[in-house]
Amino acid sequence: MSASPVPPTPPPGPRSARPNVAVTLDGEEVLAFPGETVLALARRLGVPIPTLCQLDGVSVYGGCRLCVVEVEGEHRLPLACATEVSADMEVRSTSAELRDHRRRIVALLFAEGSHVCAACVASGACELQDLATETGVDHVPYELTFPSHEVDASHPFFVLDRDRCVLCTRCVRVCDEIEGAHVWDIAQRGSDARLIAGMDQPWGEVASCTSCGKCVAACPTGALYHQGTASGERRPDPGLIAFLADARAGVWEPRDNGAVSQPRDAAGPHEQGTTP
Amino acid sequence: MGKLIDLDAMRDAELAARSRRTHRALVCSSTGCLSAGAAGVRAALVAEIEAADRADTLQVVPTGCPGLCSRGPLVQVEPRTGPATLYAEVDPDGARSIVRDHLLGDRTGDQATTEVAVVPADLPFFAHQTKVVLANAGRIDPDRLEDYVAAGGYRALYDTLTTMTPEQALTAVERSGLRGRGGAGYPTGRKWRLLAEAPGDHKVVVANGDEGDPGAFMDRTIMDSDPHRVLEGLVIAAYATGAERGYIYVRAEYPLAIERLERAIRAAKRSRLLGKGVLGTDLSFDVQVRVGAGAFVCGEETALMASIEGRRGLPQLRPPYPTERGLWGEPTMINNVETLANIPAILGNGPEWFAAMGTAESPGTKVFALAGSLMTTGLIEVPMGISLRTIVEDMAGGIAGGRRFKAAQTGGPSGGCIPERFLDTPVDYEHLRALGSMMGSGGLVVIDDTVNMPEFARFYMAFCRDESCGKCVPCRVGTVQLHALLDRICNGQGRRRDLQHLESLCRTVQVTSLCGLGQSAPNPVVSTLEHFRDEYEALLVEEPVPSAVVTGDAS
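Just so you know, the sequences run in chain order A and B.
Take the first sequence: its position 120, counted from the start at 1, is 120 in the numbering used here, and no numbers get skipped.
All you need for the numbering used here is the position in the second sequence, starting with 1, plus 276.
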């Protein structure tokens with residue numbers, strides 16, 4: 001590998017432009033960067049829009065459908081993560097109907113998997129758990145399917161528990177797009193769809209796995225975790241993937257919390273109300 | 277490079293050969309009749325004619341589908357002059373008697389044989405039809421280019437390439453008002469223009485033959501009865517839009533259509549109707565058949581493209597639309613097989629001729645596959661705007677077994693149920709959508725009063741659940757839960773709140789799913805709830821009295 005004499009120029013986009021696109025977000029006139037997604041705009045302004053499959057640093061998937069928003073003049077509900085702002089766009093990030101849809105989608109995920117928080121490594125640091133709190137899912141009105149897939153603990157460092165997998169494909173995309181190993185993919189379809197390693201092998205036997213752990217960092221739930229962690233011991237690193245993607249693109253910026261990120265349990269919504 | 281075809285010479289030679297025959301026996305060799313034993317019928321006809329040493333004057337021709345599928349195997353006997361006779365439910369013995377009494381004897385028409393049923397020529401099933409797309413179905417041997425050319429085939433392509441600019445061809449399609457026959461009814465000309473105006477040097481056109489609705493077999497019949505018509509439409513599309521490659525995506529469940537399309541492509545290449553320098557012009561265009569792998573969702577255009585590229589057939593987010601970034605990043609246009617099969621007729625007869633058929637908003641004809649509790653099932657092509665009642669009561673002869681009509685399901689698992697009081701509705705895109713159903717690709721399943729509507733809805737929900745690709749949560753999990761709710765209601769265990777959850781979840785799955793499969797999966801439930809709500813209510817059980825109340829009363 002030879003070092004490039006000229007530092008790569010940052011790609012065009014939000015970083016190199018000024019916010020100059022007038023957009024209405026929840027009734028307020030705001031300025032967006034050209035090419036910015038509705039989700040990026042909302043996050044920059046602190047407007048909460050729930051997401052699950054979206055992960056900064058990897059491609060847009062559009063599978064969880066939680067970030068649906070209402071856009072004036074659109075008869076469908078566009079996804080905030082996949083919709084770029086345009087001039088004079090009027091976006092509503094929330095409404096009674098959107099809240100209902102998001103609550104039902106989260107409840108569907110709980111009905112599909114086997115999500116027992118008390119016994120899960122991710123409890124307290126789980127995006128699905130947070131989503132339940134944010135969307136107000138305090139019970140599941142649908143039939144629980146109680147899947148019982150085998151746990152794959154064949155990897156020396158990591159474990160895959162498919163019963164907790166929400167099929168967001170964040171691990172698939174991280175491994176393919178950033179690590180370049182493409183260890184993960186989805187096999188089968190519909191309710192039979194499941195995460196597989198390699199050619200549907202035990203994870204530990206997949207020669208292409210570099211044991212980099214990015215998939216574990218990308219997992220929103222406790223489906224992928226480090227060997228030896230017990231209930232509630234997961235320490236997520238939410239900015240890691242975006243940091244790595246930026247580094248690869250040559251946009252080298254210091255991370256908000258320094259080189260080592262903080263577990264977000266200090267301010268996570270799941271902590272609210274638990275302190276006496 | 278093959279030899280340049282001379283259309284006139286080929287047609288004249290074919291018609292001259294035909295004039296040497298006294299009779300031609302056209303044996304339906306489309307999928308339906310073949311499964312009913314048409315191959316044996318054809319063999320019996322050939323053997324009997326050879327035994328009589330009359331193979332020089334009597335010809336047996338395997339053809340596509342004349343449409344009367346429920347009465348197959350079908351044999352049409354066509355004398356050199358005069359009306360043809362259509363025999364139904366022919367078996368090998370019947371075939372031999374047709375040869376003895378009709379072909380070798382001198383009796384014709386209704387008196388020809390007593391052993392085989394003759395379909396009257398004025399049967400309402402045929403009388404209401406206008407055959408454009410199916411003009412050759414049942415008339416020509418789909419495996420012979422000569423037959424297609426003798427029926428006027430490739431003439432529209434020749435005239436288009438030699439007398440029109442691409443822009444003129446495109447304008448003709450726009451002016452015809454043709455709308456996509458795959459279901460959504462998007463104006464075909466507008467789609468063509470999007471591709472024509474898209475920047476790029478390697479544009480692609482795709483014929484979508486991944487027909488997957490239960491009970492639908494329009495596209496299959498078009499492909500296995502008249503494959504050259506699809507090819508001709510595709511080449512004209514390539515000329516008008518500047519595409520250099522084409523694909524015909526056919527589901528693996530249609531082996532006959534695949535075989536005939538591939539044979540047609542080989543024949544067309546040999547005659548320079550495809551390849552470099554089509555018909556001696558500058559147009560270069562190649563076509564390949566791509567076979568699906570058994571997934572309903574691959575009829576959705578982004579999933580179809582993923583499948584052609586060899587990836588998992590998952591729908592992708594739009595935009596970008598295929599005309600912006602399609603197959604391998606190139607601008608791509610996907611047209612349904614029936615849409616493309618209309619193109620040669622539109623270019624050949626002019627857009628005004630086409631626009632004069634059907635209704636102002638939905639011009640032309642539509643092929644429907646009639647299935648379900650009808651006296652006569654099969655394939656029909658009718659002008660748009662015809663009433664459902666005409667189709668169900670006149671053409672199909674009403675309901676079989678003395679039962680009553682209950683509902684017509686159009687659009688397959690994406691469509692809705694239309695009850696009796698809307699039977700006079702004209703069949704076109706807007707009217708069906710207003711009824712909570714849709715045109716769909718043309719499946720028309722009629723059910724009688726023995727069918728329980730919640731169970732009917734459950735059947736379609738099971739189909740969608742099994743066919744969901746699993747990418748998006750509302751469809752992957754929502755269809756499982758909708759099916760579970762329907763199951764509970766059908767089994768007499770449903771409570772009122774289950775019905776409420778059913779309705780609210782239908783709404784969420786409709787508006788939040790990624791692609792058309794999920795967005796339309798609840799339609800059978802929603803439309804049966806709208807028109808047959810009492811049947812759901814009748815199955816509900818009372819809420820149990822909360823135990824606390826019981827305790828309170830007892831103490």
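A virtual CB, placed ideally from N, CA and C, is assigned to each residue, including glycine.
Fair warning: this is a prediction, and the values are worked out from it, not measured in the lab.
Straight-line Cα distance separating residue j from residue i
{"i": "B/ARG539", "j": "A/PRO50", "result": "53 Å"}
{"i": "B/LEU816", "j": "B/GLY316", "result": "52 Å"}
{"i": "B/VAL336", "j": "B/LEU321", "result": "7 Å"}
{"i": "B/VAL506", "j": "B/ARG496", "result": "11 Å"}
{"i": "B/TYR736", "j": "B/ALA426", "result": "43 Å"}
{"i": "B/LEU302", "j": "B/TYR363", "result": "10 Å"}
{"i": "A/ALA111", "j": "B/MET715", "result": "34 Å"}
{"i": "B/GLY278", "j": "B/LEU537", "result": "18 Å"}
{"i": "B/ILE662", "j": "A/VAL91", "result": "43 Å"}
{"i": "B/ALA371", "j": "B/ALA331", "result": "15 Å"}
{"i": "A/LEU55", "j": "A/ALA218", "result": "8 Å"}
{"i": "A/PRO7", "j": "A/GLU177", "result": "For A/PRO7, the pLDDT reaches just 43, beneath the cut-off of 50, and the residue's location in the model is therefore unreliable, leaving the point undetermined."}
{"i": "B/LEU775", "j": "A/ALA80", "result": "31 Å"}
{"i": "A/GLU143", "j": "B/GLN769", "result": "13 Å"}
{"i": "B/ASP778", "j": "B/ALA672", "result": "Residue identity check: residue 778 of chain B is Leu in the sequence provided, not Asp. Answer to the nearest angstrom: the Cα atoms are 35 Å apart."}
{"i": "B/GLY556", "j": "B/THR441", "result": "15 Å"}
{"i": "B/VAL802", "j": "B/LEU350", "result": "40 Å"}
Proximity below 8 Å, CB of residue i to CB of residue j
{"i": "B/ARG297", "j": "B/ARG356", "result": "yes"}
{"i": "B/VAL753", "j": "A/LEU108", "result": "yes"}
{"i": "B/VAL409", "j": "B/GLU614", "result": "yes"}
{"i": "B/GLY794", "j": "B/CYS766", "result": "no"}
{"i": "B/GLN757", "j": "B/LEU781", "result": "yes"}
{"i": "A/CYS64", "j": "A/GLY222", "result": "no"}
{"i": "B/LYS479", "j": "B/GLU657", "result": "no"}
{"i": "A/SER191", "j": "A/ALA119", "result": "no"}
{"i": "B/ASP367", "j": "B/PRO689", "result": "no"}
{"i": "B/THR653", "j": "B/LEU646", "result": "yes"}
{"i": "B/GLY692", "j": "B/GLY712", "result": "yes"}
{"i": "B/LEU699", "j": "B/VAL668", "result": "yes"}
{"i": "A/VAL362", "j": "A/ILE105", "result": "Outside the modelled stretch of chain A, which goes from 1 to 276, sits residue 362 of chain A, for which no answer is possible."}
{"i": "A/PRO141", "j": "A/SER114", "result": "no"}
{"i": "B/LEU471", "j": "B/THR307", "result": "no"}
{"i": "B/ASP562", "j": "B/VAL526", "result": "no"}
{"i": "B/ARG548", "j": "B/LEU280", "result": "yes"}
{"i": "B/GLU535", "j": "B/ASP423", "result": "no"}
Simplified DSSP assignment, three categories, for residue i
{"i": "B/GLU354", "result": "strand"}
{"i": "B/GLY255", "result": "An answer regarding residue 255 of chain B cannot be provided, because it is not within the stretch 277 to 831 covered by chain B."}
{"i": "B/LEU790", "result": "coil"}
{"i": "B/PHE630", "result": "helix"}
{"i": "A/PRO276", "result": "Note on A/PRO276: pLDDT 31, under 50, position unreliable in the model; the coordinate value appears next. DSSP places A/PRO276 in coil when its eight states are reduced to three."}
{"i": "B/GLN776", "result": "helix"}
{"i": "B/ASN618", "result": "helix"}
{"i": "B/TYR597", "result": "coil"}
{"i": "B/TYR530", "result": "coil"}
{"i": "B/ASP486", "result": "coil"}
{"i": "B/CYS766", "result": "helix"}
{"i": "B/GLY661", "result": "coil"}
{"i": "B/ALA647", "result": "strand"}
{"i": "B/MET440", "result": "coil"}
{"i": "B/ASN412", "result": "coil"}
{"i": "B/ASP558", "result": "coil"}
{"i": "B/ARG465", "result": "A quick correction: the sequence has Gly, not Arg, at residue 465 of chain B. DSSP places B/GLY465 in helix when its eight states are reduced to three."}
For residue j and residue i, believed in contact at Cβ under 8 Å, the rounded distance
{"i": "B/ALA513", "j": "B/TRP468", "result": "7 Å"}
{"i": "A/VAL172", "j": "A/SER208", "result": "With 8 Å as the limit, A/VAL172 and A/SER208 do not qualify as a contact, their Cβ atoms being about 13 Å apart."}
{"i": "B/TYR430", "j": "B/GLU508", "result": "6 Å"}
{"i": "B/GLN685", "j": "B/VAL643", "result": "So it is not a contact: roughly 17 Å between Cβ atoms."}
{"i": "B/ALA631", "j": "B/SER452", "result": "6 Å"}
{"i": "B/ALA528", "j": "B/GLY570", "result": "6 Å"}
{"i": "A/ALA82", "j": "A/GLY62", "result": "5 Å"}
{"i": "B/THR608", "j": "B/MET581", "result": "6 Å"}
{"i": "B/SER501", "j": "B/CYS341", "result": "5 Å"}
Any non-hydrogen atom of the ligand GDP within 7 Å of residue i CB
{"i": "B/ASP810", "result": "Here there are no bound small molecules, and the ligand GDP is not part of this structure."}
*May I ask you to verify whether the stretch 618 to 631 of chain B touches the stretch 452 to 470 of chain B, counting CB pairs closer than 8 Å and requiring at least 3?*
The stretch 618 to 631 of chain B is in contact with the stretch 452 to 470 of chain B.
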